[in-house]
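*Asks:* The sequence shown lines up with residues 226 to 489 when you count with my numbering.
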Amino acid sequence: METVFNVVWYIFVFVFGTIIFSFLNVVIYRAPQKLSFAKGRSFCPHCKHTLHAVDLVPLFSWLFLGGKCRYCKAPISKRYPLVESIGGICALLCCWKYVDPLYPTVTGVLSALLCFYMCSVLTVIAFIDWDTMTIFDSTNVMVLLGGILSAFLFKDITWVERLIGFFSISLPMYLLVLVKEGAFGGGDIKLFAALGVFFGWKLSILLFFFSVVIGGGYAVIGLAKKTKKRDEHFAFGPFICISALIVMMAGQQILDWYLGFLGF
Ligand SMILES: [Zn+2]
Numbered sequence: 226m227e228t229v230f231n232v233v234w235y236i237f238v239f240v241f242g243t244i245i246f247s248f249l250n251v252v253i254y255r256a257p258q259k260l261s262f263a264k265g266r267s268f269c270p271h272c273k274h275t276l277h278a279v280d281l282v283p284l285f286s287w288l289f290l291g292g293k294c295r296y297c298k299a300p301i302s303k304r305y306p307l308v309e310s311i312g313g314i315c316a317l318l319c320c321w322k323y324v325d326p327l328y329p330t331v332t333g334v335l336s337a338l339l340c341f342y343m344c345s346v347l348t349v350i351a352f353i354d355w356d357t358m359t360i361f362d363s364t365n366v367m368v369l370l371g372g373i374l375s376a377f378l379f380k381d382i383t384w385v386e387r388l389i390g391f392f393s394i395s396l397p398m399y400l401l402v403l404v405k406e407g408a409f410g411g412g413d414i415k416l417f418a419a420l421g422v423f424f425g426w427k428l429s430i431l432l433f434f435f436s437v438v439i440g441g442g443y444a445v446i447g448l449a450k451k452t453k454k455r456d457e458h459f460a461f462g463p464f465i466c467i468s469a470l471i472v473m474m475a476g477q478q479i480l481d482w483y484l485g486f487l488g489f
């Protein structure tokens, strides 16, 4: 009985995640073009046919239609089911980390919701930056807001650690940009500052480390495959966001393991 309940609960959580991220697809698509999210119905970007509820079921519509528009058969970007799947997986991870389905606590549910909120904002930032090489101030403010709220839920990171976290990565990056113009984008620096409030300075260092390793790995592979040129700029935001998700889910465990490894 318990198992059945857990399975139903996790399916519900996964579907919830895909529905929310299905809306984020619209935000990612429309925000850089300054289109309204709320106004205007969804339409096929190819034939402009209005999409109906049955065409908009997260993941399933794409799967059942074989990745093609029902009306004009134009291929629909894999981006849509990809973002929806990320939403489902993020929702599952956040709940699995903080909520016992049989004995949920208020703090646990709020923690899971806050982490899911952070996953949502980070996903929007990652894809918009990937597409446009821009991180909006508005989305960085949403990350900062999440960081401030987290101080009331995750009290093992003190306000002082969070304040240091705000500057620990962003300030050195800012100074580096003064020396070498264009080393990092302003949006990246502000994102590190905002995330520093959420993570505190210790996890921020881990965040920076992962961002450089994953982003650097991507650049090296691009150079090797000759799809990128030396000195060619690429969006750093997606790698900061991927790293932030890793640190959010497992950062403390990684840090504990590493410090234990060093004998602290
Ligand atoms: Zn169409």
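By construction, the Cβ of each residue, glycine as well, lies at the ideal position given by its N, Cα and C atoms. Predicted model only: the values in this text are computed from it and were never measured.
(1) Which residues count as close to ligand 1 when the rule is a CB under 7 Å from any of its heavy atoms, in chain order?
(2) Do residue 475 and residue 347 have their beta-carbon atoms positioned less than 7 Å apart in this structure?
(3) To the nearest angstrom, report how far apart residue 230 and residue 328 are at their CA atoms.
(4) Could you tell me if residue 226 is buried or exposed, where buried requires 16 or more neighbouring beta carbons within 10 angstroms of its beta carbon?
(5) Among 488, 487, 238, 461, which one has its Cα closest to the Cα of residue 334?
(6) Would residue 432 be called buried (16 or more neighbouring beta carbons within 10 Å of its own) or exposed?
(7) Under 7 Å between the Cβ atoms of residue 246 and residue 324?
(8) When the Cα atoms are used, what is the spatial distance from residue 374 to residue 296?
(9) So which of 321, 274, 310 has the shortest CA-CA distance to residue 493?
(10) Based on Cα-Cα distance, which residue from 473, 487, 399, 389 lies nearest to residue 318?
(11) Whose C-alpha, out of 266, 403, 364, is nearest the C-alpha of residue 345?
*Replies:* In short:
(1) 269, 271, 272, 274, 294, 296, 297, 299
(2) no
(3) 12 Å
(4) exposed
(5) 238
(6) buried
(7) no
(8) 45 Å
(9) There is no way to answer for residue 493, as the model of the chain reaches only from 226 to 489.
(10) 473
(11) 364
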